[in-house]
Structures are given as structure tokens and as C-alpha cells.
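S.K.: The structure that follows is given in the form of C-alpha cells.
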Amino acid sequence: MSPSESVYPRGEHPDLAPPIREAGAAHWLRKNLFSSVGNGVITVLLGAVLVWSLSKLLVWALLTADFTGDSLKACTSAGACWAVVTDRFAQYWFGFFYPSEAYWRPLLAFALLGPALAPWLFELKRFSGPLKVFSLAYPLLAYWLMHGGVGLAVITTDLWGGFALTVVIGVTGIVVSLPIGILLALARQSELPVIRLCSVIFIEFIRGVPLITLLFVASFLLPLFLPEGMNFDKLVRVLIMVTLFSAAYMAEVVRGGLQAIPKGQIEAARALGLGYWQTMLQIVLPQALKIVIPGIVNTFIGLFKDTSLVAIVGLFDLLGLTQTILKDVAWIGSFVEAFLFIGLVYWVCCFAMSRYSQTLERRLDTGHRSND
Amino acid sequence: MRYSSLAAALLMLVGLTLPASASTLEDVKGRGHLNCGVSTGLAGFALPSASGEWVGFDVDFCRAVAAAIFNDPSKVKFTPLTNKERFTALQSGEIDVLSRNTTWTMTRDMKLGLEFAGVNYYDGQGFLVPIALGVQSALELDGARVCVQTGTTTELNLADYFRGNNMEFESVVISTADDARTNYLAEACDVYTTDASGLAALRSTFPDPSAHIILPEIISKEPLGLIVRHGDNQWGDLVRWTLNAMINAEELGLTSQNVGEFEDDPSPKIRRLLGKEGDFGEQIGLDALWARHVIEHVGNYGEVFDRNLGKDSTLSLDRGLNALWSEGGILFAPPVR
Amino acid sequence: MPPQTSFQTKRSWRDLLFDARVRGWAAQVLTLAVLAYVVFFLASNAATNMRALGISSGFGFLGQEASFDISMTLVDYDLTDTHAKVFLVGALNTLLVSVLGILAATALGILIGIGRLSDNWLVAKLSLAYVEVFRNLPLLFQILFWYGLVLLWPKVRDSIAIGNSVFINNRGIEIPRLVFEEGSGLVGGALLIGLIVAYGVRRWAHRLHDQEGKTVPGLPLVMIAIAVGLPLLVALVLQFPWSYDLPVRKGFNYKGGISIPTSLVALWFSLTVYTGAFIAEIVRSGIAAVAPGQSEAAASLGLRSGMTMRLVVLPQALRVIVPPLISQYLNLTKNSSLAVAIGYPDLVNVFSGTSLNQTGQAIEVILMTMAFYLAISLTISLGMNIYNTRVAMKGGAPR
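Chains X, P and U, in that order, give the protein sequences. Here this note's numbering is used: position 24 in the first sequence is 24, and no number is missing along the way. Here this note's numbering is used: position 199 in the second sequence is 1199, and no number is missing along the way. Here this note's numbering is used: position 157 in the third sequence is 2157, and no number is missing along the way.
Here's what the structure looks like:
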């Protein structure tokens, strides 16, 4: 029985289906792909190129590809030789030297990153309090798992590498730079001229030079500035620079949040007799930080991509490690396959994070319009 | 004292090493491992293997020094260093020995606060060209595009050679040996220049090595050596004599396989090297069996060469200049006596 | 907040401790003291270390002969030139790739950004895919990847020839070079005069339109005719006072013409593709930020869609677009330093790389390199601030 045959009270007639020309697949096609002659030509051309290249890629990457072997010579098919990935698969994730019996440690540390981040990234209904405590303890816990000591075998930082190292540099950079960035942002808004000036100079200096020059400083200038005989290992030096670098960017993100908090909030807090730090810690920062979480995530994506630069100063992160594998006589010439693989790894991480930050931006956009 | 050890432990936690004492050997012994600087990746000289270990010619010399001190070649922490970082790392005490195919030059010896403890590889800069190019001599290379690695003496030698012979060239400056191979094979440059060992090593990885020749001109002397900080003579001596012991061992026919059979050998040369006679270990601050440990764990010079660069390796380089003096080369180690 | 001091006649030390002004001064003095100590600590260490290691200091090295070759130079350079010249050559190469990258990335970004808003579903989705793929891959990765692929281009003897003037091979792209001969200055002068006259015509036509409501038919054509026609006429009279220096294969390589090395091609391409993805998003959100009522209102006033875009939407969108766009330009310039990974002779590669290695004076070299980038970004930031103030004074936010 079609709805039009029924009798409805006035004003309660359900919407009718659109006319047949305005619905269905044919309509969708006409509206979105062939709305005009020009559009139709573009659609056909682009579609043809797309289908052709995707089918080529499929044949090369999967249908005629080799997946195992211990050198490039072992690959005999016409297509891709993924053996460069499968043969040293674990090394891509854990580095050349991390002992295989301890692979569970970085894995566990990585898995625990989820619960540690959850209370900050999602609005949890339960367990939010205990998880926040856990996430404060997380950096130490993760360091203990990765590095060892106190009951676990020690694995020194020079043995770290691959994707694990990429994550370590990225996460350390962002976690340590957050408090520094907040301090810098507060300092930049400070009424004390000396403190404001110092903060501005620092931020503008770091943001004005390429990261690679800062890494050069870490790799061969910093040892010159330390007393003779005292030195950090290279990873720590690089981490210091990466942290300072992202702190400057973080400061600008946080400053944006601080500026979005209406003056009335601060004045009200002062009127209640709260001091500067009380006002900031209890009133301003909680609101400001919530607004800037997408910005922080974006900074982290940037930092995560920038960790690849440590390959230039000789650390074996995911990119540096891949370049080194390709120096092995067995794998010279497997460049495209190895790079496509790590490209996929980088891409999945960055894409997931940017999706998250976009969702968050949308949520904040609708939820917090009452500020002004 | 308890506080200071607590502080030390805290500093260790963040990867900070405490100020070194006067003697590198004491530091190394106290630390329990040797810090050795190697290349970030050069086939045959230093490269991480599929099983997650450093392998290569330069790497084995690090292991030899560790074996001499600890009787355990695994007590080495390797620090991969780029061209630019290598000297700073040594100067600042981050590493104890630099074993990274580094050319011994007067400037480096005098100005950089370094000391060359000996030459473990005699090399010279040459040119690699495809046979198809029809070039017989480097003097025919006027106007060629030359691939050269940055941050090396190679770059300067190249410029000197072409300028000296009134020829022009275009350089393609690349950062790693791997890029050099890619560029050269793609014929993005006509010629590749680096140390002849490197050329031969590179050529052996080509799909068709016989289609390429190394031109007869060797345009520079490149003695590659082990380097320590200037000013700690005891440490320099230790590294120098570890190298000498390995060369002497080859000359005397001692290998990692047969060194046990020479336990009761009457030859005084062998008895001195193996610590049966004299106090040579004590003189360099080690125990009497130091050289024996090196030979047992790492092998003599010839074994190290063959395993990484020579006939037992994928590179299969000739010994050439690096054969013993008695076999047509120039390896001539001072005697242990 | 300090306690109300006006009721108190005696001020105790305790009050002083809680006085915000006193605390403020104390904090500042303390900060300065700590900073001064850190600087002193680092500097004295550096001085001690450098003396102990015999590393020389000062900028004397700039006058030393560099004696290494640079594969691409915009100014004359040979082996006998100094390290100061190396700095100049590197800086110019950095600027070159940055400017090329900025131009191409802007064009690509606008194209993709508009594509994102296209009615055509396929175009919109492909644009989206482009943006999501390229901005989520590390730039260094992309540079290395494209450079690896460019090397797979044909070898020099199998160069792709376009006519007999452009050759493409894995060493680079060879293009003809324009050689100016006597009289070409006159053509240049004619071009300049033509442009000025055309601009004058445009102003006259606009005034006519504003005051009398008359339009000059085919104004753009007239302007082009003047700007192009005048120099063309002069060139015809002087029988084209220029010639082309064509690339010709000679010995190992192509000689003559201009050679664009593959490292530049790969770097330029990567910077363009990477930054283009960000610019596309900036353009898209800028256009989206202009309220749809604006273009509807424009349409109801009878403006055609092109005019609506040019006169109504774009001027408003630009206010949103320009600040993040400039910051992308800055990023691109800084990112060009990744040239070091593929051997394009930019400032970081030749100066912070080779010169540093040959002279060993790391501190001076790195400082000079940083100063160069700082100067660029401070100049642009300054310009940006001026632009922001001007835009802010003209009206509020574009929403």
C-alpha cells in the first residue's frame, strides 16, 4: 500500500519520494559527475587515468610480486619484491639492535600509550581520574620498559631504532615540550618586560630556523659547549633539540588558546582573590588547553613527520634504518618497495591522527561557542 | 659518597656520562665497555646485519681493542657517526676510538687534537667509469660529470687534480656511498671517484661488474686509520699495538683457529706475542694474554680482511697494498720485543 | 594580589615578600641571572674546549679559498673563490628553490583547493585524496622518494628531446638560454613603456566607468595589445636583437643552454607537492569561510559568477587565506634546507656542509646559516604584521 493512498490528518502527510529524475544512481551520476559537457569530459578522462594506474599498481604490487627471499636476487617475478620488507620485518619496528627477546617491552609501552592518552583525548565517562594519574606516571613507566633497570635487563639507547625510536622521539618531544610551551606562552603574555622579551626571542628564534640546523647543533656543536669529558649520548642531545623546537611551536598554539579566554574570566578570578598562578592553573589554563587540543595534535603530527630528520644526523629511526638496509649489498635496488612500505607506515599514523584532530575540532566548534 | 653515587646514577639515567678521569683505559675498564665510533653504513666496513649486529672491517678493529682489554669482543658500544660528527665525537669523549675509514692527514693530526694510532688500510683515490664510455685514462675526463661524496678529502683531491691538469668537470655532490651507487648506475654521472677500495667494493655490487673499470690513475694517498684523542699516550699505544699484534699474528701464521696449537711453540717471536715471555701486556696496562685474546676472538689482520672485504666476502677485494710486506704489500708492523 | 597596603602604615618584610611588584622584579632579575650564567657557562666551555683542541675561531675563514666545486651556481664561482662566496652561492640557491617552490605550490594549491569545492564528485574526491596523501607523509621521505624516481629517467644518451632545444634526462633538464644582443635594451624599455601605458588606459577606463557609466569594449584585449604590441614592434624593427643558446650534446654532456639539475627538479617537485597540499586546505577553508549570502547577494545584484568570485568572494577570502599562506611560504623556505639529503647545493648543503667540513669552524658557520634563515623569517613576519594591521583597520573579521 503506497502512502499516498492513505488519509492523513492535515499537516502530517509524510514526505513523498522525490520524482524519479531527482533520485537514484542515475540522478546521482548526472548531478555529481556529468552535470555539463565539460564536467563529463573531465570525469571520463580522470576516471580512465585512475583505473589504468590503479590496475597497473595492483598488478605490480600484488599479482606479480614476490613476498619472501633473503636478497633482491631471490625475487624472480616481474613485479614488486617485498622481500626487503619481510626479511627484516622486525627491524623496521624495533631497530637493528634491540634484542628480540625484549620486543615485548616496547610493544607493551606502546600499548599502554592508549590508556595514558585516553583521558586527555576523549571525554571518558568512567575511570577518568585513575587514568589521569596513570598517564602522569606513564613517561617513567615507558622509559623503564624501553630502557630497563630495576628488574629488567638494561637496553641502552644506542640500541634503540626503527619505528620504536620514531615514536620515542615524537612522544618525548611532545610530552616534554607541553609544559615548556605553556610556560613560554604564559611568559609571552606576562606583564614583566624581561620575561616577555626572553620568551619572544626564544620562540621567534626557534621558529625562524630550520630544524635541521638545530639538529646539527645537537649532533656536533653541543659537545663543544659542555665541559670536557661530560657529554650526553646523541639521542639525548637530539631529544633536547627536538623538544625545544616543538616547545616554541607549542607555545604559539597555547597562546592562541589563552587569547581565546575572555578577559572577564581573569578579572573574576582576581576579584575572588586568586593569585596569578591560581588564576592561571585553576581558571585559565584548563579552559585554554581544552580549546587547543586539536592544535596540539596538529603540532604532534608535524613533529612526528619531522622526526624523520634525525636520519640526517645518523640516527636509525624508521627512515634512517631503511636507508641503511638499502646499503646492504643484498638489498641495493629495492628502494621503491622499502620506501612504499615505510611511507604507508608514516601515512597511516599521520592520517589517523589528523582525522582525530578534525573530529575534535568539529566537536569543539559546536560545543564551546558560549565563550564570547 | 653515597650522595655522589646517587647523583651519578641519576645522571646515568638521562644518558649523561660523568667527566672522564685522566686515563681513557681506566674509564673504559670502569665502564665495562669500549665506545667506538664507526660509519653510519658502508658495506664491508661497518653495517648492521640482518641479525642485528654490527659487521665490517672497521667494526672488527673495535672488537679487537675490546678483546684486548676485556677478553670479550662483544664489550663494545658502537656509535654510528656521520662525516661531520666524527671528530667532535672523539674530541668530546663520546667515543674512545674512531674506526671509520678516516684518512690520516697532517691537518687532522695537528689541528684537531687527534692522534692517529696506525694505518689499518692503505688506500688511494681513483676513478670508476663504464667501459662503454671509452675512456682509458683520467686525463681524458675533461668536461665529465663526477659523482663525489661530500665532507671528504676526496672532494678536494678531485678539484686539485682537475685544476692541476687544466681540465674542467662538473661535480655531483652526494651524501652517502649508497646514493653514489644509485647515481652512477643511473648514469646521472659519468665517473665516480672515491678511495679505490670503495670503488672496487661498489663495483662488486653491480649487476655486471665487468662492464666497469677503475682507471689507472690513483690521484692521492689515503692511509685510513684508527684514531684516538691526543694526549693520552697509554691509550694510543694500546690501540696501536692491538693493530700491530694483528699484523704480526698474520706474519707468524697465527689465526683464530690455530692459536691454541701454538701454546708450547718454542719460537721466541710467538712466545712474546702470546705472553709467554716478557711483560708486554703489563707495559700497555693489560694482562699478559692480551694479544692472544685478540687473535682468538677476532683473528689476525688477514682473517679480518678476508672476512669483510676480501675473498670470503661479497666484495672480494684484492689485498693489493694491504698485503704483508713479505707478500708484495706494504704492511710492515714493528716487532713485539 | 597584594593585601591592601593603604591601611597599613608600617610595611614589614613579609609584605615586601608578597608585593606583586617586588616579586615581579625579583623574578626578572633571577631570570636574567640564570640566563647570564648559562650563557657564560656555555661560552667558557666552548672557549676552553676550542683552545684545548686547537680549533681556530673568528670569521677569518670566510676569506680563505674554498677550493671545492659547487654543482649549480647562479653567480660565477670557481675553485679559487672564498668561503664567503660559497655562502652567497648557497644562499642564492636556497632563495631560487624557495621562490620556484612558492610559485608552483601556490598555483597547485589554488587548483586543488578549488578542486576540493568542485561540483564534480570525482574531482572533489581526487583533490581530497591528494591533500590527505601528501600532507601526511614526511617531507624528507618525499624528497628522497622523488629523487630516487627522477634517477630512473632516461640516461643522457637516450634523452627525451622536445624539438632540438629541450632535453630531459636523469642528469637534469636542459633548456635554451636567451642571449641578449645589442638593442635588446630598447625592447625592454618598450615593454616597460607598454606596461605603463596599458596601466594608464586601465585607470582611464575605470574612471570612465565610475563617473559616466560607460564601459570600454574589450578592455583586456586593448591592454594586452599595448603591452605586447609595443615591444614586439620595436623588436621587429631591430630584427629581434636576441638569440638562443641551445643545449648541444658535446663529449660527456650537454653544453650550452641552462641545465636544471635533477636534485633541483626533485626538491622543487617535493616542496611544491607537499606545501601545495597545505595551501589547498588554506584556500578551501578561506573560500568556505566567506558566507554564502555574499555570493547570493552579488548574484542578485546581477554580477556574473566570475565577477562574484573576483570582486566579492576572493577579497574577503584573502584576509583569511593570506596569514596562514605566508606562514606556509616560510615553512617552505626553511624546508628547502632538506636539500642536504639529495645534494642540491643550497646554503645548508654547501656552507653548513662542505665549508664547515673543510674549515672545521662549526660555531661560526652554523650561526651564519641560522642568521640567514632568521633574517628571512623576521622580514616576512614584519611584512605580515603590517598587512594584518592594514586589513584589520579596513574592517572586522570576514564572517
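Note that beta-carbon positions come from the ideal geometry of N, C-alpha and C, so glycine has one too. Computed from a predicted model, the values in this text were never measured in an experiment.
1) Where G333 (chain X) and L72 (chain X) are concerned, what is the direct C-alpha to C-alpha distance, given to the nearest angstrom?
2) Flag L2155 (chain U) as yes if its beta-carbon sits less than 9 Å from any beta-carbon of chain P, otherwise no.
3) Between which two residues does the alpha helix (DSSP H) harbouring E1327 (chain P) extend?
4) For a contact meaning CB atoms closer than 9 Å, what does V85 (chain X) contact in chain P?
5) Return the residues of the region 2134 to 2151 of chain U that lie within a Cβ-Cβ distance of less than 8 Å from chain P, sorted by chain order.
6) Quick check: what's the CA-CA separation for N1322 (chain P) versus G1328 (chain P)?
7) Mind checking if T1105 (chain P) is an interface residue toward chain X, Cβ cutoff 9 Å exclusive?
8) So, is R2051 (chain U) buried or exposed, given that buried needs 16 or more other C-beta atoms within 10 angstroms?
9) Which of the residues in the region 1082 to 1094 of chain P, read from start to end, lie with their CB under 9 Å from any CB of chain U?
10) List the DSSP bridge partners of E1187 (chain P).
11) If you measure between the beta carbons of C1036 (chain P) and V1055 (chain P), is that distance less than 9 Å?
12) Spell out a yes or no on whether the region 1028 to 1047 of chain P and the region 1072 to 1085 of chain P are touching, meaning 3 or more CB-CB pairs, one atom from each, closer than 8 Å.
13) Might you give, ordered along the chain, the residues of its own chain that have their beta carbon closer than 6 Å to the beta carbon of V2391 (chain U), omitting 5 neighbours on each side?
14) Would you please state the rounded distance, in angstroms, between the beta carbons of A1117 (chain P) and L1243 (chain P)? I believe it to be under 8 Å.
15) If we ignore side chains and look at the alpha-carbon of each, how far apart do Y2037 (chain U) and A2026 (chain U) end up?
16) What residues from chain X crowd round G1041 (chain P), counting only those whose CB sits closer than 8 Å?
17) Would you call the CB atoms of K1084 (chain P) and N2349 (chain U) closer than 9 Å?
18) Could you work out which residues of chain P lie near N2170 (chain U), taking near to mean beta carbons separated by less than 9 Å?
19) Which bits of chain U does Y346 (chain X) rub up against, with CB to CB less than 8 Å?
20) Taking any Cβ of chain P, which residues in the region 238 to 272 of chain X have a Cβ under 8 Å from it, in chain order?
21) Rank X:W347, X:V292, X:L321, X:C349 by C-alpha distance to the C-alpha of L360 (chain X) and give the top, closest one.
22) Could you name the residues of the same chain whose beta carbon sits closer than 6 Å to that of S308 (chain X), not counting the 5 residues immediately before and after it, in chain order?
23) Going by the beta-carbon positions, is the gap between N2093 (chain U) and K305 (chain X) smaller than 9 Å?
24) Taking DSSP as the reference, what is the three-state secondary structure of Y1122 (chain P)?
25) Roughly how far, in whole angstroms, is the beta-carbon of L192 (chain X) from the beta-carbon of Q2028 (chain U), given that I think they are within contact range, below 8 Å?
26) Can you pull the chain X residues whose beta carbon is under 7 Å from the beta carbon of K1276 (chain P), in chain order?
27) Given 8 Å as the limit, is there contact between the region 2366 to 2377 of chain U and the region 208 to 218 of chain X, that is, 3 or more CB pairs closer than that?
28) Taking 8 Å as the limit between beta carbons, can you name the residues of its chain near V336 (chain X), skipping five residues before and five after?
29) Can you tell me whether V242 (chain X) is buried or exposed? The criterion is at least 16 other CB atoms within 10 Å of its CB, across all chains shown.
30) Determine the DSSP secondary structure at L2140 (chain U), reduced to helix, strand or coil.
31) Given a limit of 7 Å on CB to CB distance, which residues of the region 2056 to 2077 of chain U reach chain P?
32) Measuring CA to CA, which of P:S1256, P:N1258, P:D1027 is closest to F1070 (chain P)?
33) Between the region 1301 to 1334 of chain P and chain X, which residues of the former have CB atoms less than 7 Å from a CB of the latter, in chain order?
34) Is there a C-beta anywhere in chain P that falls below 9 Å from the one on P2247 (chain U)?
35) Determine the extent of the alpha helix (DSSP H) in which R2284 (chain U) is found, giving its start and end residues.
36) For T1194 (chain P), count neighbouring Cβ atoms within 10 angstroms of its own Cβ and tell me buried if that reaches 16, exposed if not.
M.R.: So, to answer that:
1) Taking the straight line joining both Cα atoms gives about 7 Å.
2) What sits at residue 2155 (chain U) in the sequence shown is Lys, not Leu. For K2155 (chain U), the answer is yes, since a Cβ of chain P falls inside 9 Å of its Cβ.
3) In this chain, E1327 (chain P) is not harboured by any alpha helix (DSSP H), its DSSP state being neither H nor E.
4) In chain order: nothing, as chain P lies at least about 13 Å away.
5) Cβ contacts with chain P: G2148, L2151.
6) Cα to Cα, N1322 (chain P) sits roughly 9 Å from G1328 (chain P).
7) Among the CB atoms of chain X, none fall inside 9 Å of the CB of T1105 (chain P).
8) R2051 (chain U) comes out exposed.
9) So the list reads N1083, K1084, F1087, T1088, Q1091, S1092, given in the order they occur along the chain.
10) In the DSSP output, where bridge partners are listed per residue, E1187 (chain P) has none listed.
11) With contacts defined by Cβ atoms closer than 9 Å, C1036 (chain P) and V1055 (chain P) do not form a contacting pair.
12) Output reads yes: the region 1072 to 1085 of chain P touches the region 1028 to 1047 of chain P.
13) Cβ within range, chain order: R2319.
14) Sure, about 7 Å apart at Cβ, within 8 Å.
15) Their backbone Cα atoms lie some 16 Å apart in a straight line.
16) For G1041 (chain P), the residues of chain X that pass the 8 Å Cβ criterion are Q323, T324, K327, in the order they occur in the chain.
17) In this structure, N2349 (chain U) does not lie closer than 9 Å to K1084 (chain P) by Cβ.
18) In chain order: N1183, A1186, E1187, A1188.
19) Residues of chain U with a Cβ closer than 8 Å to the Cβ of Y346 (chain X) are, in chain order, N2136, L2137, P2138, F2141.
20) Result list empty, no residue passes.
21) Among X:W347, X:V292, X:L321, X:C349, the Cα nearest to that of L360 (chain X) belongs to X:V292.
22) L319.
23) If you check the CB distance, N2093 (chain U) and K305 (chain X) do not come in under 9 Å.
24) Correct three-state label for Y1122 (chain P): strand.
25) Their Cβ separation, rounded to whole angstroms, is 5 Å, which keeps L192 (chain X) and Q2028 (chain U) in contact under 8 Å.
26) Proximity of chain X to K1276 (chain P) at the Cβ level (cut-off 7 Å) is not reached, the minimal Cβ distance being about 38 Å.
27) Under the Cβ criterion (8 Å, minimum of three pairs), the region 2366 to 2377 of chain U counts as touching the region 208 to 218 of chain X.
28) Only A80 meet the Cβ criterion.
29) Buried, since its Cβ has 16 or more Cβ neighbours within 10 Å.
30) If DSSP states are grouped into helix, strand and coil, L2140 (chain U) belongs with the helices.
31) Within the region 2056 to 2077 of chain U, the residues whose Cβ lies closer than 7 Å to some Cβ of chain P are S2067, F2068, D2069, S2071, listed in chain order.
32) It is P:D1027.
33) Identification of residues in the region 1301 to 1334 of chain P having a C-beta nearer than 7 Å to some C-beta of chain X yields T1314, given in sequence order.
34) Judged by the 9 Å Cβ criterion, P2247 (chain U) is not in contact with chain P.
35) Its alpha helix (DSSP H) spans residues 2262 to 2289.
36) T1194 (chain P) is buried by the Cβ-count criterion.
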